[in-house]
Structures are given as C-alpha cells and as structure tokens.
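Asks:
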Amino acid sequence: MKFVFYSVVGLAWLGIVVLPGVYGWEYYMTPVPERPFTELHDQLKPTGFIGHGYGVIGSLFMIVGVATYTLRKRVAWFAKWGKLRSWLRFHIFLCTTGPALVVWHTSFKFQGVVAISFWSMVIVVASGVLGRYVYKRIPKTEDGYFKSVQFVVDEKLALRKELDAMVSLSPVQESMLGLTAGQLKFTNPWAALYAAILFDVRGLFSWSRDRRVTTELALSRQERESFRSLVRRYRWRTRQEFLIEPMQKIFGYWHVFHIPLATIMFLVLAVHVFVSILFGYTWIF
C-alpha cells in the first residue's frame, strides 16, 4: 500500500513538472522573437490563460507548502494534525512542483523583477534540496526532534547483536559488507558533508558485495531479506554515529541561509504580483 501511494505521488510530481513542457515543447523551443506568430502564443505566454495559470498555481503551491509546514512546526495547536515528517514531504512536494510551474509561466524569459524572483527561487529550491539531504542524515523522533549520539550508539549495538545472533561472519565478509568501518572524527562539517555524499555514492554499488556474502552464507529467502535489512540499518547507524554532530552544525548554518532567502523570494514575488495586477493582468479573476 505504501509503495502504491508513493508511486501515485511520484507520478503526480512528474506529471506536474514535465507535462507542461510536453504540451508546449514546440512553443518553448521557438526563438523568442518568433513566438508571437505561433499557434500557442496566446495561451502559453506569461500573460496567456495557461501561462498565467502556471504562475498563479505555482505561487499558490509555494505559499501553501511553506505556510502549512511552518504552522505545523511552530504552532502547538497544529501538533495533533499528523506527523511532522508527513508535513515535510507535503512541503517538499509543493515547493518543488510550484517552482517548476513558475518556470513554465516565465516561458524562459527572465527580465527585470521576474529575473530577481526567478533566481532567488532557484537558490531557495537548491538550498532546500541540500537541507533535505542533511536533515535526512540526522536521527530524529516522530516529532522531528534530534536524537543524541548515544541513541545512535545504543541502536547500533542492538543491531550488531541481532546480526551476530543470525549469522557468524568472517573478517573478510564483514569487510565486504562494510561493517568494519573505523571511528571517524570530523572537525570540519563540510568535510563531513563530502564524506556523507561519498558514502552514499559508494553505497549504490554495494549490492553486488552484499549479494555475494548472502550467497556464501546460504540463507533462505526470508533470512536474506532480514539479513540485508539489518546490514543496511547497521551501516546507516554507523555513518550517523560520526556524522550526527557535524550534520547538526550544517543544518544550523542552513537555517540561517535558507529562511532569509525564502523571505526575500516571497517579498519579490509579492512585488511581481502587485505590479501584474496594477497593469491589469488578473488571469481568470
């Protein structure tokens, strides 16, 4: 059921981001001076019915995405309305599809206030992607509070006991599975971020080594799934053990950077909307 839900959400995200480009591909690929002579110009230009609609809906997506997540996170009364991580996913969905629609709204013409608004939006989205990456690597409670290093160490030890109870691994097998990683200490948080990215890239190619070890152990199908799950969780906690403190520092820096940028973006957006209304561009209203 969870897989179906995420598949539907993923398809919806892809549809919102990609379909406008599919529909208007010929128009967007036409040189700007020649666009007024194309069939779709009246619809897809920034002041056209569809093009203007992209801007209005995209802006609403961003406003709703930021407002709902902020209320859920900051206002106690909203704490009962679902888990914080669910609202974060909703925030990410709206605040990535919204900017995509705004890009289609501009029809790739960036001038004046629009250029300032666009590039501030791009920076905010890019910083949001970085923030999500860092946030994902910090262990948290259901309500989003950061857990301690000791929690990670305790869970790692518990996972190790489960592994030892299930199988007896040779030193070579432990090395192949990445269970023998030494204790690392990062004084520079950005070095820790680089290490995290490197670990993730290497992890993409770990499946062949994992498969080789499980084959050597001659586990049943059910045991293989349990074993692989334990190994993945153990490796994840091992990384968190030495990345948690530098990642928390980076997340603190990120907050100082991301929130003011988002504020500037919305201020510029407000100016853009005000000027548009002033000149009579009110879409369907």
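In terms of my numbering, the sequence shown has 850 at position 193, counting the first letter as 1, and numbering is strictly consecutive. Beta carbons are placed, not taken as given, at the ideal position from N, Cα and C, and that holds for glycine. All values reported here derive from a predicted model rather than from experimental measurement.
Which residue wins for smallest C-alpha separation from arginine 896, given the options Val824, Val888 and Phe856?
Replies: Phe856
Asks: In chain order, what residues of the same chain lie with their CB nearer than 7 Å to the CB of isoleucine 749, ignoring the 5 residues before and after it?
Replies: Arg789
Asks: Confirm, please, whether the CB-CB distance from threonine 704 to tyrosine 891 is below 7 Å.
Replies: no
Asks: Going by other Cβ atoms of all chains shown within 10 Å of its Cβ, with 16 needed for buried, is methionine 778 buried or exposed?
Replies: buried
Asks: Please report the distance separating the alpha-carbon of tryptophan 738 from that of cysteine 752.
Replies: 20 Å
Asks: So if DSSP puts phenylalanine 803 in a beta bridge, which residue, or which two residues, is it bridged to?
Replies: Lys797
Asks: What does the Cβ neighbour count give for arginine 859, buried or exposed, with the cut at 16 atoms within 10 Å?
Replies: With fewer than 16 Cβ atoms within 10 Å of its Cβ, arginine 859 is classed as exposed.
Asks: Just to confirm my understanding: we take threonine 687, look at its own chain, exclude 5 residues before and 5 after, and list those with CB closer than 6 Å. What are they?
Replies: Same-chain partners within the cutoff: Thr695.
Asks: Given a cut-off of 7 Å on the beta-carbon distance, is the pair valine 809 and glutamate 902 in contact?
Replies: With a cutoff of 7 Å on beta-carbon distance, valine 809 and glutamate 902 are scored as not near each other.
Asks: Put lysine 842 into one of helix, strand or coil per three-state DSSP.
Replies: coil
Asks: The alpha helix (DSSP H) with proline 693 in it runs from where to where?
Replies: Proline 693 -> no alpha helix (DSSP H), and no H or E assigned at all.
Asks: In chain order, what residues of the same chain have a beta carbon less than 8 Å from the beta carbon of valine 806, not counting five sequence neighbours either side?
Replies: Glu898, Ile901 and Glu902
Asks: Can you list, in chain order, the residues of its chain whose CB lies under 8 Å from that of tryptophan 670, leaving out five sequence neighbours each side?
Replies: Result list for tryptophan 670: Phe750, Thr753 and Thr754, in chain order.
Asks: According to DSSP, is methionine 719 part of a helix, a strand, or is it coil?
Replies: Assigned with DSSP and collapsed to three states, methionine 719 falls in helix.
Asks: Pick helix, strand or coil for lysine 737, following the three-state DSSP scheme.
Replies: helix
Asks: Which term fits threonine 798, buried or exposed, when burial requires 16 or more other beta carbons within 10 angstroms of its beta carbon?
Replies: exposed
Asks: Starting from phenylalanine 862 and walking both ways along the alpha helix (DSSP H), at which residues does that stretch end?
Replies: That residue, phenylalanine 862, is in no alpha helix (DSSP H); it is neither H nor E in DSSP.
Asks: Where do the ends of the alpha helix (DSSP H) carrying leucine 834 lie?
Replies: 828 to 834
Asks: Spatial neighbours of proline 756 within its chain, please: CB distance less than 6 Å, with the 5 preceding and 5 following residues excluded, ordered by chain position.
Replies: Beyond the five residues adjoining it in sequence on each side, proline 756 comes within less than 6 Å, by CB distance, of Met778 and Val782 in the same chain, given in chain order.
Asks: Could you tell me the distance, in whole angstroms, from the CA atom of tryptophan 893 to the CA atom of serine 863?
Replies: 13 Å
Asks: Closest to valine 925 by C-alpha separation, out of Thr844, Phe775 and Leu820, would be which residue?
Replies: Phe775
Asks: Distance check for isoleucine 673 and valine 689, CA to CA, integer angstroms please.
Replies: Cα to Cα, the separation comes out at about 24 Å.
Asks: Looking only at C-alpha atoms, which of Leu861, Arg878 and Val888 sits nearest to alanine 815?
Replies: Val888
Asks: Keeping to the same chain, check which residues put their C-beta closer than 7 Å to that of isoleucine 921; ignore five residues upstream and five downstream.
Replies: Ser777
Asks: Looking only at its chain, what residues have a beta carbon closer than 7 Å to the beta carbon of serine 764, apart from the 5 residues adjacent to it on each side?
Replies: Tyr685, Leu701, Lys702, Pro703 and Gly708
Asks: If you measure between the beta carbons of isoleucine 720 and leucine 918, is that distance less than 7 Å?
Replies: Against a cut-off of 7 Å, the Cβ pair of leucine 918 and isoleucine 720 comes out as no contact.
Asks: Are the stretch 825 to 836 and the stretch 926 to 935 touching, with three or more C-beta to C-beta distances below 8 Å?
Replies: no
Asks: Find the nearest neighbour of glycine 835 within the set Trp744, Leu861 and Ser877, judged by alpha-carbon distance.
Replies: Leu861
Asks: Helix, strand or coil for lysine 814? Go by DSSP, reduced to three states.
Replies: Before going further, note that residue 814 is leucine rather than lysine in the sequence given. Three-state DSSP puts leucine 814 in a helix.
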